[in-house]
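221 is the number that the numbering used here gives to position 217 of the sequence shown; each next residue is one higher, with no gaps.
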Amino acid sequence: MQVVRQHRLAESAVRTYQRDGIVFPVAALPAARVLRLRESLEALEARLGEMPAPMRWTNLCFTWAYDVTMDPVVLDSVEALLGPEIIVMGSIVISKHPGHDAYVGWHQDSVNGGEDAAPAVSAWIAVTDSTRANGCMRVIPATQRRLLAHCEVPDPANLLRAGRVLADPIDEEQAVDVELRAGEMSLHHDLIVHGSRPNRGDGKRVGFVVRYTTPSAHSRGFPVVRARGGAACPQLELAGRPPDAASEAAFASYLGFTAAMEREIARKAATAGHQRA
Ligand SMILES: O=C(O)CCC(=O)C(=O)O
5 MQVVRQHRLA ESAVRTYQRD GIVFPVAALP AARVLRLRES LEALEARLGE MPAPMRWTNL
65 CFTWAYDVTM DPVVLDSVEA LLGPEIIVMG SIVISKHPGH DAYVGWHQDS VNGGEDAAPA
125 VSAWIAVTDS TRANGCMRVI PATQRRLLAH CEVPDPANLL RAGRVLADPI DEEQAVDVEL
185 RAGEMSLHHD LIVHGSRPNR GDGKRVGFVV RYTTPSAHSR GFPVVRARGG AACPQLELAG
245 RPPDAASEAA FASYLGFTAA MEREIARKAA TAGHQRA
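Following this line, the structure appears as structure tokens:
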């Protein structure tokens, strides 16, 4: 299939998103860009060790990651869904190696943001081909209407933080495989039910996922980036493009930043636990 880098989603694609909570495949990055992104991610993975946990916040620490989140073609598609005011809430790289049991349990992203959260769209950008065999994302279309109950089921193979998964079983017969070629993306609503199986293919499956929202979003305690527009958002801490540091310095700052953020998330979770108890 020839994928054309279109500069805005067609109206039919917007309607598909509104109906199903997801649209794919959408052209995102040209081949040379994907190759460079893959090289940068492999270099980072090599430093973090085999099969690292999902890598968050790379866009706040590395220029190569920041530039993907601000890619004009990606943003044009996101703008067709969210409007002209766009905030990059975060990013996460989910890498699944062949032969490992790592999977992503069924969940809705907005379980972290609540039902009153601002609209949010995730761009799942395929850094490698993502297929049924290598554990592509799977969705249950048209489940984006309401937030379902979740519970914590700790499982080291589940790549979700705290193992937060849907509390009730879902009908897997309804699941759709979101198969993508490297350089394509899917755009999913933060309430759509989704997950993925382990990688039973021959090569790695890597997705670079960018969470986009609007300036009315609540702060989650970490900096965000304004991608388009200029609406006031005093509740958000805005960050800019990371400095063009030598790779050693950028890596050190990434380790420091992610450790501080994880400590903060753990502190908040503990406080919430005390409040619930
Ligand atoms: O990459 C996957 O397998 C799942 C992705 C996911 O859960 C997400 O983007 O929210």
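Virtual Cβ for every residue (Gly too), placed ideally from N, Cα, C.
In this text, all values refer to a predicted model and were calculated from it rather than measured experimentally.
In the DSSP assignment, residue 216 is bridged to 92, 125.
Taken through DSSP and simplified to helix, strand or coil, residue 201 comes out as coil.
Less than 7 Å separates the beta-carbon of residue 101 from that of residue 208.
Rounded to whole angstroms, the gap between the alpha carbons of residue 171 and residue 128 is 24 Å.
Within the model, the alpha-carbon separation for residue 22 versus residue 145 is close to 10 Å. Per DSSP, reduced to three states, the secondary structure at residue 181 is strand. Within the DSSP bridge table, the entry for residue 107 names 162 as partners.
In its chain, beyond the 5 residues on either side, 187 have a beta carbon closer than 6 Å to the beta carbon of residue 33. Taking 8 Å as the upper bound for CB-CB distance, residue 190 and residue 82 are not in contact here, some 12 Å apart. In the DSSP assignment, residue 40 is bridged to no other residue. When rounded, the separation of the alpha-carbon atoms in residue 80 and residue 138 is 29 Å. Taken through DSSP and simplified to helix, strand or coil, residue 65 comes out as helix. Residue 40 has its alpha-carbon roughly 31 Å from the corresponding atom of residue 234. The three-state secondary structure of residue 79, taken from DSSP, is helix. When distances are taken from the beta-carbon of residue 211 to the heavy atoms of ligand 1, the shortest one is below 6 Å.
By the criterion of a C-beta distance shorter than 6 Å, residue 257 is surrounded in its chain by 65, once the five residues flanking it on both sides are discounted. In the same chain as residue 236, and ignoring 5 residues on each side of it, the C-beta atoms closer than 8 Å to its own belong to 219, in chain order. Per DSSP, residue 250 lies in no alpha helix (DSSP H) segment and is marked neither H nor E. Your pair residue 184 and residue 134 checks out as a contact, with CB atoms roughly 5 Å apart and the cut at 8 Å. For residue 144, the shortest separation between its Cβ and any heavy atom of ligand 1 does not lie below 6 Å. The alpha-carbon separation between residue 91 and residue 232 amounts to approximately 7 Å. Taking residue 159 as the centre and dropping the five residues before and after it, the same chain places the C-beta of 109, 167 closer than 8 Å to its C-beta, in chain order.
For residue 180, the closest C-alpha among the options 206, 147, 165, 156 is that of 147.
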